[in-house]
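In the working numbering, the protein residues as written are 1 to 78.
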């Protein structure tokens, strides 16, 4: 079961979902910053530049969007 499925199955409250979205946004910011730093260091050393996938940015963004969409769907069905 994916993390998203676990969140939906847990029937978390609107407040909890908002908290999760905010936490994922903070994680995205931190991981993006880490990618930027790693890229700068790799370029300065002449090493291979890290890929976005190595920092999980795609996964974080996808999960954040899924939680936000499920929250909107829940609001509309009420």
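Idealized CB from N, CA, C, for every residue including glycine.
Express the C-alpha separation of residue j and residue i in angstroms, rounding to a whole number.
i	j	result
residue 22	residue 42	30 Å
residue 27	residue 59	11 Å
residue 11	residue 52	31 Å
residue 61	residue 70	14 Å
residue 39	residue 32	10 Å
residue 29	residue 37	12 Å
I'd like the span of the alpha helix (DSSP H) that includes residue i, first residue to last.
i	result
residue 51	Unbroken run through residue 51: none, as it is neither H nor E.
residue 32	14-45
Do the CB positions of residue i and residue j come within less than 8 Å of each other?
i	j	result
residue 55	residue 34	yes
residue 24	residue 57	no
Between the stretch 36-54 and the stretch 13-27, do three or more beta carbon pairs fall short of 8 Å?
no
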